[in-house]
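A.B. asks:
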Amino acid sequence: MTEPAYKCRRFAAYMAEPRHIHKFVYISPSYTLSMQTVEIATGADWPKISEISGRSGYEDYINRIGPSYLDNGQVFVWKDGTEIRGFLKLEYLPDNSAWLSGLRVDPDFRRMSIGSELTSAAIEYAANSGKEYVRMLIHDGNVKSSGLALKLGFSAVSRFAFFEGIPAGESMNDEMISSGEEIQYLNLGWTFIRYSYVDSVPARYLRYERDGIAITVSGHDYQIIVPDDHISLSGEGFTCMEVHGSIPDYLEGLLDRDFDYASVFQKKI
Numbered sequence: 011m012t013e014p015a016y017k018c019r020r021f022a023a024y025m026a027e028p029r030h031i032h033k034f035v036y037i038s039p040s041y042t043l044s045m046q047t048v049e050i051a052t053g054a055d056w057p058k059i060s061e062i063s064g065r066s067g068y069e070d071y072i073n074r075i076g077p078s079y080l081d082n083g084q085v086f087v088w089k090d091g092t093e094i095r096g097f098l099k100l101e102y103l104p105d106n107s108a109w110l111s112g113l114r115v116d117p118d119f120r121r122m123s124i125g126s127e128l129t130s131a132a133i134e135y136a137a138n139s140g141k142e143y144v145r146m147l148i149h150d151g152n153v154k155s156s157g158l159a160l161k162l163g164f165s166a167v168s169r170f171a172f173f174e175g176i177p178a179g180e181s182m183n184d185e186m187i188s189s190g191e192e193i194q195y196l197n198l199g200w201t202f203i204r205y206s207y208v209d210s211v212p213a214r215y216l217r218y219e220r221d222g223i224a225i226t227v228s229g230h231d232y233q234i235i236v237p238d239d240h241i242s243l244s245g246e247g248f249t250c251m252e253v254h255g256s257i258p259d260y261l262e263g264l265l266d267r268d269f270d271y272a273s274v275f276q277k278k279i
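In short: position in the sequence shown from 1, add 10, done, that's our numbering.
1) So Thr201 and Leu264 are in contact, right, with Cβ under 8 Å, and what is the actual spacing, rounded?
2) Can Gln276 and Val144 be called in contact, C-beta distance under 9 Å?
3) For Met45, count neighbouring Cβ atoms within 10 angstroms of its own Cβ and tell me buried if that reaches 16, exposed if not.
4) Is the number of C-beta pairs between the region 125 to 135 and the region 82 to 90 that are closer than 8 Å three or more?
5) Within the continuous beta strand (DSSP E) that includes Gly222, where are the two ends?
6) By Cβ distance, which residues of its chain are closer than 6 Å to Arg204, with the 5 residues on each side in sequence left out?
7) Around the Cβ of Glu142, are there at least 16 other Cβ atoms within 10 angstroms (buried) or fewer (exposed)?
8) Look at the Cβ atom of Glu280, then the Cβ atom of Ser111, and state whether they are nearer than 9 Å.
9) Please return the same chain residues whose Cβ sits closer than 7 Å to the Cβ of Gly125, not counting the five positions on each side in sequence.
10) Report the start-end ranges of each beta strand (DSSP E) in the region 157 to 212 that is 3 residues or longer and not cut off at the edges.
11) According to DSSP, Tyr281 sits in a beta bridge with which residue or residues?
12) Using the Cα positions of Asp70 and Arg220, report the straight-line distance between them to the nearest angstrom.
13) Indicate whether Ile193 and Tyr218 have their beta-carbon atoms separated by less than 9 Å.
14) What are the partner residues of Ala131, as DSSP defines its beta bridges?
15) In three-state terms, what does DSSP make of Glu49?
16) Can you give the beta carbon distance from Thr249 to Phe173, rounded, assuming they're within the 8 Å contact cut?
17) Excluding the 5 residues preceding and the 5 following Ser60 in the sequence, name in chain order all residues of the same chain whose CB lies nearer than 7 Å to its CB.
18) Among Gly255, Met251 and Lys278, which residue has its Cα nearest to the Cα of Asp270?
19) So the alpha helix (DSSP H) Asp259 belongs to, where does it begin and stop?
20) So, are the CB atoms of Ile176 and Glu246 less than 9 Å apart?
21) May I have the straight-line CA-CA distance separating Ala283 from Leu160, to the nearest angstrom?
22) Specify, as a first and last residue, the run of the alpha helix (DSSP H) that Ser111 falls within.
23) Nearest by alpha-carbon distance to Ser181: which of Pro117, Gly229 and Pro258 is it?
24) Just to confirm, is the Cβ distance from Ala213 to Ile225 under 9 Å?
25) Measuring only from the beta carbon, is Glu192 closer than 8 Å to any heavy atom that is part of the ligand ZN?
26) Does the distance from the CB of Val167 to the CB of Val274 come in under 9 Å?
27) Indicate whether Gln233 and Leu261 have their beta-carbon atoms separated by less than 9 Å.
28) When you compare each of Ser210, Ser156, Ser206 and Val236 to Leu216 by their alpha carbons, which one comes out closest?
Structure representation (structure tokens):
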């Protein structure tokens with residue numbers, strides 16, 4: 011589950027955050043002499059989470075966010091005794107689903123099924139919380155993560171193209187766009203809900219150029235709903251577009267060089 015650098019500017023204010031009053035402990039099925047568990051992280055775990063994130067080899071947006079990374083949703087840590095060897099984040103979305111991101115494993119402890127066990131623990135936790143689906147976003151080039159997702163029962167349900175920068179235009183009436191019926195998933199800022207739940211979030215439509223239509227929930231991250239034959243992107247944030255077949259040729263040249271295509275993987279729980 012890889013994410014580009016500017017994910018640290020993601021918008022998360024409209025996520026439904028869980029409240030938990032009990033301690034969650036998931037016993038690793040592979041533990042031997044020491045007790046291997048998956049637990050919910052606390053503030054005291056941040057230094058080790060920060061260290062692993064910095065050494066994981068992925069773009070380190072987590073350390074750019076800092077300790078507040080622990081504030082939204084739940085971060086699960088895989089422990090060998092008292093030592094943290096990996097972590098994963100779980101967040102709840104408005105369409106009764108859960109979102110997984112930021113899977114990181116200490117490079118010295120890979121190939122120990124830590125990623126698989128973290129994901130399984132988070133799925134179990136979401137299921138016990140009454141969630142219907144769990145999803146994650148995986149870059150097309152991340153074969154290892156997509157393989158893990160398929161092994162755990164996920165399937166790719168939608169593919170997106172990503173462009174750095176956002177469009178300019180005029181706001182439209184806050185209403186469903188007829189052509190939006192083809193759109194399956196809506197971007198909330200590096201998390202995606204079913205588009206049919208668009209009325210559950212404060213979405214705003216934007217007409218750009220002549221006939222193009224985009225939608226945003228955060229004001230920083232946009233999704234193209236109806237493409238025009240031209241678009242200019244600038245500033246912070248990102249723009250994405252759900253891909254059905256191929257994207258228009260003029261958009262190919264605007265793809266983000268580090269994070270061009272990724273798929274939403276989903277599992278019913």
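Every residue gets a Cβ at the ideal spot worked out from N, C-alpha and C, and that includes glycine.
Computed from a predicted structure; not experimentally measured.
C.D. replies: Once the coordinates are examined:
1) Numbered from 1 along the sequence shown, position 191 holds the residue referred to as residue 201. Numbered from 1 along the sequence shown, position 254 holds the residue referred to as residue 264. About 23 Å; that fails the 8 Å criterion.
2) Here residue 276 refers to the residue found at position 266 when the sequence shown is read from its first residue. Here residue 144 refers to the residue found at position 134 when the sequence shown is read from its first residue. Taking 9 Å as the Cβ cut-off, Gln276 and Val144 qualify as a contacting pair.
3) Indexing the sequence shown from 1 puts residue 45 at position 35. So Met45 counts as exposed.
4) yes
5) One-based indexing of the sequence shown puts residue 222 at position 212. Per DSSP, Gly222 belongs to the beta strand (DSSP E) from Gly222 to Thr226.
6) Within the sequence shown, the letter at position 194 stands for residue 204. So the qualifying residues of the chain are Asp105.
7) Within the sequence shown, residue 142 is the residue found at index 132, counting from 1. Exposed: under 16 other Cβ atoms inside 10 Å.
8) Because the chain in this structure spans residues 11 to 279, residue 280 falls outside the shown range and cannot be described.
9) As a working note, residue 125 is residue 115 in the sequence shown. Once the five neighbours on either side are set aside, the close Cβ partners of Gly125 are Gly96, Leu113, Val115 and Leu158.
10) 165 to 176, 195 to 197 and 202 to 204
11) Outside the displayed range of the chain (11 to 279) lies residue 281, so it cannot be described from this structure.
12) As a working note, residue 70 is residue 60 in the sequence shown. As a working note, residue 220 is residue 210 in the sequence shown. If I take the Cα positions, the gap works out to 38 Å.
13) For the purposes of this step, residue 193 is taken as residue 183 along the sequence shown, with counting starting at 1. For the purposes of this step, residue 218 is taken as residue 208 along the sequence shown, with counting starting at 1. Cβ atoms of Ile193 and Tyr218: not closer than 9 Å.
14) By one-based count along the sequence shown, residue 131 stands at place 121. Looking at the DSSP assignment, Ala131 forms no beta bridge with any residue, so it has no partner.
15) The residue given as residue 49 occupies position 39 in the sequence shown. The answer is strand: DSSP assigns Glu49 an E or B state.
16) One-based indexing of the sequence shown puts residue 249 at position 239. One-based indexing of the sequence shown puts residue 173 at position 163. Right, the Cβ-Cβ distance comes to about 5 Å (below 8 Å), so this counts as a contact.
17) For the purposes of this step, residue 60 is identified with residue 50 of the sequence shown, where counting begins at 1. Excluding positions up to five away in sequence, the list reads Asn73.
18) Locating residue 270 in the sequence shown gives position 260, where the first residue counts as 1. Answer by Cα proximity: Met251.
19) Taking the first residue of the sequence shown as 1, we reach residue 259 at position 249. First-last of the alpha helix (DSSP H) with Asp259: Asp259 to Glu262.
20) Position 166 of the sequence shown, counted from the first residue, corresponds to residue 176. Position 236 of the sequence shown, counted from the first residue, corresponds to residue 246. Taking 9 Å as the Cβ cut-off, Ile176 and Glu246 qualify as a contacting pair.
21) Shown here, the chain extends from 11 to 279; a query on residue 283 therefore has no answer.
22) Here the question's residue 111 lines up with position 101 in the sequence shown. Where Ser111 is concerned, there is no enclosing alpha helix (DSSP H), although the beta strand (DSSP E) it sits in stretches over Ser107 to Val115.
23) Residue mapping note: residue 181 aligns to position 171 of the sequence shown, counting from 1. Checked all of Pro117, Gly229 and Pro258; the closest Cα to Ser181 is Gly229.
24) Taking the first residue of the sequence shown as 1, we reach residue 213 at position 203. Taking the first residue of the sequence shown as 1, we reach residue 225 at position 215. Contact: yes.
25) Within the structure as shown, the ligand ZN is missing, as the structure has no ligands at all.
26) Here residue 167 corresponds to residue number 157 of the sequence shown, with the count starting at 1. Here residue 274 corresponds to residue number 264 of the sequence shown, with the count starting at 1. Going by C-beta atoms, Val167 is nearer than 9 Å to Val274.
27) Counting from one through the sequence shown, the residue named residue 233 turns up at place 223. Counting from one through the sequence shown, the residue named residue 261 turns up at place 251. No, the Cβ-Cβ distance between Gln233 and Leu261 is not below 9 Å.
28) As a position in the sequence shown, residue 216 is number 206, starting the count at 1. The shortest Cα separation from Leu216 among Ser210, Ser156, Ser206 and Val236 belongs to Val236.
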